[in-house]
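For reference, the structure discussed in these notes is given below.
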Amino acid sequence: MGESAATHQHTSPATVTPPPPPPNLALSRGPTWTPAEQLQQLHYCIHSNPSWPEAVLLAFQHYIVVLGTIVLIATTLVPRMGGTPGDKARVIQTLLFTAGLNTLLQTALGSRLPTVMRSSLVFILPVLSIINDFSDRTFSSEHERFTYTVRTIQGSLIVASIINIILGFSRAWGHLTRLFTPVVIVPLVTVVGLGLFMRGFPMLANCVEIGLPMLILLVVGQQYLRRIHPRVDVILERFGLLICITLVWAFAAILTVAGAYNHVREVTKQSCRTDRSFLMSSAPWIRVPYPFQWGTPIFRASHVFGFMGATLVTSAESTGTFFAAARLSGATPPPAYIFNRSIGLQGIGLLVEGIFGCIAGNSASVENVGLLGLTHIGSRRVVQISTAFMIFFSIFGKFGAFFASIPLPIFGAIYCVLFGIVAATGISFMQFTNNNSMRNLYIIGLSLFLSISIPQYFVTSSSRDGSGPVQTAGGWFNDILNTIFSSAPTVAIIIGTLLDQTLDAKPSTNDRGVSWWKPFQHKKGDVRNDEFYGLPLRINEYIPTRFH
């Protein structure tokens with residue numbers, strides 16, 4: 001009896017010895033790398049500073065990079081609003097001026113990361129909707145149409161800024177970011193870069209003869225030629241972008257003067273010639289942007305809702321950009337309370353832009369974060385110095401117009417490199433998850449694909465007047481959904497967070513990287529949080545503790 005029981009117990013499936021795991025052959029194939037919370041190849045991190053001459057040149061480089069997006073927005077919208085080249089010059093001055101103010105505000109009191117806050121392309125859809133609504137309206141002149149449209153945008157920005165202010169200072173956005181794990185951050189940060197692919201080679205291809213040389217020269221000069229000599233290495237690594245822009249811009253000017261574009265299509269002239277922006281002739285020598293410069297704001301509920309959707313999207317895009325900026329500047333991932341502070345101040349920045357009469361609201365600049373990785377310099381001071389260039393050239397219009405005349409295909413070539421760096425930074429967060437987990441691969445893969453595919457569908461299905469695929473009786477409802485689902489980072493947050501929180505979340509805690517991620521979500525969780533994100537000049541003593 002006892003023997004029978006013992007035999008039964010011995011043959012029970014519950015006690016069968018599992019087969020030994022396969023041998024680990026990794027060491028026989030090469031070394032492995034442990035996860036690194038901070039990048040070790042930076043020359044200067046967030047709180048270390050290069051010499052003043054270097055810092056000024058690097059800051060000027062940041063100014064040139066952010067100028068491309070601002071000029072692109074003005075070039076896209078101002079002519080459709082009925083504006084003249086002079087109006088375009090004043091719009092660029094205003095966008096530059098508020099970009100300088102918002103960047104200074106964000107780097108000093110907000111995220112404290114080296115991020116430039118510039119106008120966002122997200123606002124193009126709701127602005128086009130406003131332009132379309134006024135297309136059948138009779139105005140005494142095109143200038144009146146322009147000012148009326150700007151005043152309507154003003155009113156919409158002022159009201160919509162409440163969304164970010166509430167999300168930030170109510171701590172709602174910080175609570176949302178506590179749900180993020182590296183599994184969510186990978187697709188979020190990756191599509192912050194990849195989602196802007198239409199601003200890369202497609203914009204370069206508008207003038208291949210200057211865009212392609214710029215791309216080749218930047219890659220060869222900044223990555224290969226710098227290895228010739230140690231001194232050349234430092235110069236080309238840090239200032240190679242500025243050198244390449246100067247050379248290709250001069251080449252474009254020579255082609256223009258030589259008459260290479262005299263007998264081409266008008267679209268080609270606009271993209272290739274250095275004298276087609278008419279900014280130098282129309283920009284004032286000195287002009288200080290001031291509040292309500294276009295007149296009294298106009299408030300229309302139907303347009304406000306579209307801008308509310310856009311401001312919500314800028315919160316998502318800035319969040320992904322802040323994660324990338326933290327990694328490329330040598331800081332630890334931003335805690336939840338930093339997002340409360342930064343998104344709240346971004347809302348205040350939107351309010352300032354509405355008051356000054358901007359035609360688009362702000363978000364964190366992806367291209368400038370890519371520049372941190374390109375130069376290996378993540379210094380906060382460099383970005384703060386760049387605000388002086390933004391404000392200076394926004395006031396002295398002729399000087400600013402000179403640099404604003406750089407052809408956009410040159411910026412398209414730059415974006416190919418900078419957006420790629422940001423996308424790769426997002427992929428680097430996979431080191432903190434279990435890369436062999438099929439669950440993680442499923443969530444990351446699906447989030448990545450849909451966050452690129454869905455916005456692409458919405459963008460390609462939108463007409464020139466801003467009408468998207470969502471077309472119901474409520475125009476305001478259409479604007480909100482069309483704007484939200486045209487944003488790759490927003491879609492990545494929605495899909496990634498939903499899947500990560502509902503698919504075996506508790507059993508997969510370690511696979512998701514929660515144990516690594518959790519300490520960074522609290523102020524006291526990591527001793528470096530206050531080192532990187534603490535407010536200057538003892539301001540902490542005057543601000544409620546929930547915001548620092």
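If you're matching positions, the sequence shown starts at 1 in the UniProt record's numbering and goes up one per residue.
For glycine and all other residues, C-beta sits at the position ideal for the given N, C-alpha and C.
Model, not experiment: these values are computed from the prediction.
For the set Gly534, Arg512 and Leu537, the Cα lying nearest the Cα of Pro182 is the one of Arg512. Look at Ser379 here: in three-state DSSP terms it is coil, with no helix or strand label.
For Leu279, the CB contacts under 6 angstroms within the same chain, skipping 5 residues up- and downstream, are Ala89, Ala401, Ala404 and Ser405 in chain order. A check of alpha carbon separations from Thr433 across Gly30, Glu37 and Pro31 identifies Glu37 as the nearest. If the five residues before and after Trp173 are omitted, its C-beta is found closer than 7 angstroms to the C-beta atoms of Leu167, Ser315, Phe339, Asn340 and Ile343, all from its own chain and listed in chain order. For Ser318, no beta strand (DSSP E) segment is defined; the enclosing uninterrupted segment is the alpha helix (DSSP H) at Ala301 to Leu328. The C-alpha of Asp133 is placed about 34 angstroms away from the C-alpha of Val264. Shortest Cα-Cα distance from Arg380 to any of Asn49, Gly30 and Ser363 involves Asn49. DSSP places Ser363 in the strand class (E or B) of the three-state scheme. Every alpha helix (DSSP H) of 4 residues or more that sits fully in the segment 36 to 122 is shown, in chain order, as 52 to 77 and 85 to 109.
Rounded to the nearest whole angstrom, the CA to CA distance from Phe393 to Arg151 is 24 angstroms. In this structure, the CA atom of Thr84 is about 38 angstroms from the CA atom of Glu54. Cα atoms of Phe323 and Arg137: separation of roughly 44 angstroms, rounded to the nearest angstrom. Secondary structure remark: continuous alpha helix (DSSP H) runs of at least 4 residues inside the segment 178 to 209, in chain order: 182 to 194 and 201 to 204.
For the pair of segments examined, the segment 298 to 305 was found to touch the segment 474 to 482: the number of CB pairs separated by less than 8 angstroms reaches three. Sorting Leu188, Phe307, Met430 and Glu144 by C-alpha distance to the C-alpha of Glu317 places Leu188 at the top. Per the C-alpha coordinates, the member of Ala364, Leu236, Arg273 and Asp87 positioned closest to Thr69 is Ala364.
When secondary structure is reduced to three states using DSSP, Phe392 falls in the helix class.
Using a Cβ distance threshold of 7 angstroms, Gly397 and Pro284 count as a contacting pair. Taken in chain order, the complete alpha helix (DSSP H) segments of 4 or more residues contained in the segment 412 to 500 are 438 to 460 and 475 to 484. Using a C-beta cut-off of 8 angstroms, the segment 197 to 211 makes contact with the segment 407 to 426, since at least three inter-stretch Cβ pairs fall below that distance.
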